[in-house]
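In the UniProt record's numbering, the protein residues as written are 1 to 389.
Every residue gets a Cβ at the ideal spot worked out from N, C-alpha and C, and that includes glycine.
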């Protein structure tokens, strides 16, 4: 499919994810929200004519049933790389991955032009999602090219209307850069002494407060055409740092009365793109299995968000994601997709990760029909937010 470009506030119809919540942290001063930096509107680069990889035919985005198994698997994977390594990201785009992830680093001043160059590499393939981890505070990847945001903890003390206004204003600047998805808001509870709370990444310690601010933030982003992703279901507030160890939560019946409430309310408000954490909870997940690859947990979430909602894993390169699969990234990607995730985020792994997952497609596990349904959802979200026509 031929790439189209947008100009002005929505000039690029692609998506690249800048540093997923599980892919590292960039510290910013908790300064006052300011006016956007003057962002130049870059000159669009004509779509390149790129030969299909491995002899595959160009994609027909309207009908993924015509795609090869490899094309289907590739669309479900988002790959990280440093923001300075455009070459590596270009290779990922040429492989047809569903998204590319800028992993940490300082965004360059000519980021918009780099995004256009990167997008041109998609050629006739379905373009990747462009998203960014924009929570505010310590997790804000575009602060240097837009402006620093207050932390979620501080914004959680504001009136809902002010949170919405701030998100909409910042979202407009994101769109001008060509970013169509934000890996925010955080709907976790602020639990003092625990990982998320210690970094001021949560809006409130109360379910009602966290829900109100998360919905307000998501409302602002969506109002300007940026897709919000609610995270980290079923609630990271009481968990340790899952970059380093499994996150163990209270039992499911307790979560339903506390940590899950903000997610329930955000989903009920219509925000159905959800990032799932590597978190275990008795009664919700199978023993020793994180929610990100738990068939039981993801079935519960799917029932909530409906058939059109999008389930995205936190980075499957985290330590907590790899427990029980002998640190094999290909196996954890396959397991997450088989369990019900639509998108698998990876920040490290073998270069042949797509082929490794393709080799595990089987009638008894991850099937071709499963992949087709996932890709249909991904394409619907890309169309909804202007990534494809």
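Between the CA atoms of residue j and residue i - distance to the nearest angstrom
i           : j           : result
residue 78  : residue 240 : 25 Å
residue 260 : residue 169 : 28 Å
residue 250 : residue 96  : 39 Å
residue 122 : residue 207 : 42 Å
residue 238 : residue 62  : 42 Å
residue 374 : residue 263 : 22 Å
residue 312 : residue 335 : 13 Å
residue 342 : residue 205 : 30 Å
residue 347 : residue 385 : 24 Å
residue 118 : residue 90  : 6 Å
residue 291 : residue 389 : 33 Å
residue 109 : residue 85  : 15 Å
residue 351 : residue 125 : 20 Å
residue 135 : residue 107 : 16 Å
residue 372 : residue 192 : 42 Å
residue 71  : residue 113 : 27 Å
residue 363 : residue 156 : 47 Å
residue 280 : residue 171 : 33 Å
residue 13  : residue 115 : Confidence is the limiting factor: at residue 13 the pLDDT is only 38, short of 50, which leaves the residue's position unreliable, though a coordinate-based value still follows. Their backbone Cα atoms lie some 10 Å apart in a straight line.
residue 232 : residue 143 : 22 Å
residue 212 : residue 265 : 8 Å
residue 228 : residue 76  : 18 Å
residue 80  : residue 256 : 33 Å
residue 149 : residue 356 : 40 Å
residue 390 : residue 377 : Past the boundaries of the shown model lies residue 390; the chain is included only from 1 to 389, so the question cannot be answered.
residue 223 : residue 147 : 20 Å
residue 285 : residue 177 : 39 Å
residue 305 : residue 133 : 22 Å
residue 215 : residue 270 : 9 Å
residue 94  : residue 296 : 35 Å
Bridge partners - residue i, DSSP secondary structure assignment
i           : result
residue 257 : Its beta-bridge partners do not exist; DSSP assigns none.
residue 228 : 182
residue 280 : 248
residue 273 : 310
residue 344 : 77
residue 206 : Answer by DSSP bridge pairing: none, since residue 206 is not bridged.
residue 136 : 139
residue 233 : 276
residue 285 : 282
Test item: CB-CB of residue i and residue j under 8 Å
i           : j           : result
residue 100 : residue 358 : no
residue 225 : residue 166 : no
residue 129 : residue 382 : yes
residue 298 : residue 247 : no
residue 203 : residue 153 : yes
residue 272 : residue 235 : no
residue 253 : residue 283 : yes
residue 187 : residue 210 : yes
residue 60  : residue 66  : yes
residue 366 : residue 322 : no
residue 345 : residue 316 : yes
residue 289 : residue 127 : no
Rounded distance between the beta-carbons of residue j and residue i, thought under 8 Å
i           : j           : result
residue 182 : residue 131 : 6 Å
residue 319 : residue 325 : Contact doesn't hold; Cβ gap of about 12 Å is too wide.
residue 242 : residue 277 : 6 Å
residue 185 : residue 230 : 7 Å
residue 137 : residue 200 : 5 Å
residue 361 : residue 333 : Actually they do not touch by this definition, with Cβ atoms about 12 Å apart.
residue 217 : residue 163 : 5 Å
residue 399 : residue 189 : With the chain running from 1 to 389 in the structure shown, residue 399 is simply not present.
residue 145 : residue 111 : 5 Å
Neighbour-count burial assignment, residue i, 16 or more Cβ in a 10 Å radius
i           : result
residue 29  : Its pLDDT being 38, under 50, residue 29 is placed unreliably by the model, and the measurement read from it follows with that caveat. By the neighbour-count rule (16 or more Cβ atoms within 10 Å), residue 29 is not buried but exposed.
residue 303 : exposed
residue 268 : exposed
residue 120 : buried
residue 92  : buried
residue 179 : buried
residue 244 : exposed
residue 175 : buried
residue 151 : buried
residue 87  : exposed
residue 198 : exposed
residue 22  : Interpretation of residue 22 is limited by its pLDDT of 44, a score under 50 that renders its predicted location unreliable; the figure taken from the coordinates is listed afterwards. Classification of residue 22: buried, given that the 10 Å Cβ count is 16 or more.
residue 379 : buried
residue 287 : exposed
residue 307 : exposed
residue 104 : buried
residue 369 : exposed
residue 349 : buried
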